[in-house]
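Novice: Just so you know, the sequence shown maps onto residues 9 to 113 in our numbering. The structure under discussion is supplied below as structure tokens; questions concerning it will follow.
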Amino acid sequence: MITEECKPFLFILEFSFENAEEVKLTNSNVINETIRGELAAQSKDQAALAIALGFTDRRQVSYRLSGERHWKLEELLKTAEFLGFTHVSQLFALAEEREKRIERS
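Structure (structure tokens):
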């Protein structure tokens, strides 16, 4: 059961309208680490992502990547696009892979 206290720490990874019970969740820290890793791998910085998101300074991105603020869905969609993913689900799939690797180690 997901309580109100833990909702801010989870993102919906996949949602099937045909079977609403099948919802996959991943920890927001894993999403943040995945975004950080992709930024580094692509030699992109938080300032460039901030501009793509329409923020006035990169601290808004830093707050989200540190978990101080929560991502809005629109921001995640734009972030995925900025990182070259054709669909936000690719970002979530990468995060899910990362989460599985963490669990195995």
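For every residue, glycine included, the Cβ atom is placed at its ideal position computed from N, Cα and C.
Apply the 10 Å Cβ neighbour rule to R112 and answer buried if 16 or more other Cβ atoms are within range, or exposed otherwise.
Specialist: Around the beta carbon of R112, a 10 Å sphere encloses fewer than 16 other beta carbons of the protein chains shown; the residue is thus reported as exposed.
Novice: Leaving out five residues before and five after F60 in sequence, what residues of the same chain have Cβ atoms less than 7 Å from its Cβ?
Specialist: The amino acid at residue 60 is misidentified as Phe; the sequence shows Ala. So the qualifying residues of the chain are K86 and F90.
Novice: What does a CB cutoff of less than 7 Å around A58 pick up in its chain, not counting 5 residues either side in sequence?
Specialist: D65, R66, Q68 and V69
Novice: Where L81 and R109 are concerned, what is the direct C-alpha to C-alpha distance, given to the nearest angstrom?
Specialist: 25 Å
Novice: For E46, I'd like the list of residues in its chain whose CB is within less than 7 Å of its CB, leaving aside the five on either flank, ordered along the chain.
Specialist: Once the five neighbours on either side are set aside, the close Cβ partners of E46 are L91.
Novice: Let's see if you can read the secondary structure: which residues bound the alpha helix (DSSP H) around F100?
Specialist: Under the DSSP assignment, F100 falls in the alpha helix (DSSP H) whose first and last residues are V96 to R112.
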